[in-house]
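Chemist: With the working numbering, letter number 59 in the sequence shown gets 62, and the count goes up by one each step, no holes.
Quick reminder that beta carbons are idealized off the backbone N, C-alpha and C, glycines included.
Let me give you the structure first, and then I'll get to my questions.
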Amino acid sequence: MELFHQLARRNIKIRKQSGFGAQWRQQWEEVFAGHLTVEEKQHIHLHNRNGVNGYLWHVFSYGMRGCFTGEEAEMAFDQEEKTCCYLFFQHGDDAFTVEDASGLKAADLATENDKIDLYVVDSEFNWTFVMTHESGWLGPYFSRR
């Protein structure tokens, strides 16, 4: 995957975590969208349903959780003190652990931005940074627990 190699070239310690994507998506939903009812989740298309693709980041785009957007989100992510982080995707079960994320910046993640939806969280899920496939229109987003 391009992102893995890009970060490794920058000497960022990154490790593939096969099969963790679903687990981390579920935990992300509990933390960042757990305040929503089932009906609200359906209304904002949080999950795939009736042929409509759902996205966890809809919690932000529909205004159901406070967040920074666009350049403010990138700045908040860049300024956040980062240690261990998890990176995972809306679709797929592969995920990554960045053991020392202190040098990780939003710009490092930009190559994946127009292709996929990328979620970054600290290991305690205290904050999240999300880059969407809707680059330039929706996202990125940054929010704290």
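Please specify which runs of the beta strand (DSSP E), each continuous and at least 3 residues long, are wholly inside the region 26-105, giving them in chain order.
Modeler: Taking only runs of at least 3 residues, the beta strand (DSSP E) segments lying wholly in the region 26-105 are 88-92, 98-101.
Chemist: Could you tell me which residues DSSP puts in a beta bridge with I17?
Modeler: BP columns for I17 point to V101.
Chemist: Excluding the five sequence neighbours on either side, which residues of its own chain have a C-beta within less than 6 Å of the C-beta of T135, listed in chain order?
Modeler: For T135, where only same-chain residues beyond five positions count, the Cβ hits under 6 Å are W60, D120, L141, G142.
Chemist: Report the three-state DSSP secondary structure of F7 (helix, strand or coil).
Modeler: Of the three classes helix, strand and coil, the one that applies to F7 here is helix, per DSSP.
Chemist: According to DSSP, simplified to helix, strand and coil, what is R148?
Modeler: It is coil, neither helix nor strand.
Chemist: Quick one: residues in its chain with C-beta nearer than 7 Å to the C-beta of G95, no 5 flanking neighbours on either side, listed in chain order?
Modeler: The residues are G24.
Chemist: Would you check if there are 3 or more beta carbon pairs closer than 8 Å linking the region 98-113 to the region 29-38?
Modeler: Touching, no.
Chemist: Using three-state DSSP, classify D125 as helix, strand or coil.
Modeler: Strand.
Chemist: Could you pull out every residue in the same chain whose Cβ sits closer than 7 Å to the Cβ of N116, ignoring the five residues on either side in sequence?
Modeler: Bear in mind that the predicted position of N116 carries a pLDDT of just 48, short of 50, making it too unreliable to give a figure here.
Chemist: On the DSSP bridge assignment, give the partners of F132 in chain order.
Modeler: Answer is V123, F145.
Chemist: Taking the alpha-carbon positions, what's the L49 to V34 distance?
Modeler: Cα to Cα, the separation comes out at about 14 Å.
Chemist: For the structure I just gave you, are there three or more beta carbon pairs, one from the region 11-18 and one from the region 93-108, closer than 8 Å?
Modeler: Contact holds: three or more Cβ-Cβ distances are below 8 Å.
Chemist: Using a threshold of 7 Å, state whether the C-beta atoms of S146 and C88 are closer than that.
Modeler: Not a contact, by the Cβ cut-off of 7 Å.
Chemist: Looking only at C-alpha atoms, which of G22, G54, Q26, V62 sits nearest to V41?
Modeler: The option with the nearest alpha carbon to V41 is V62.
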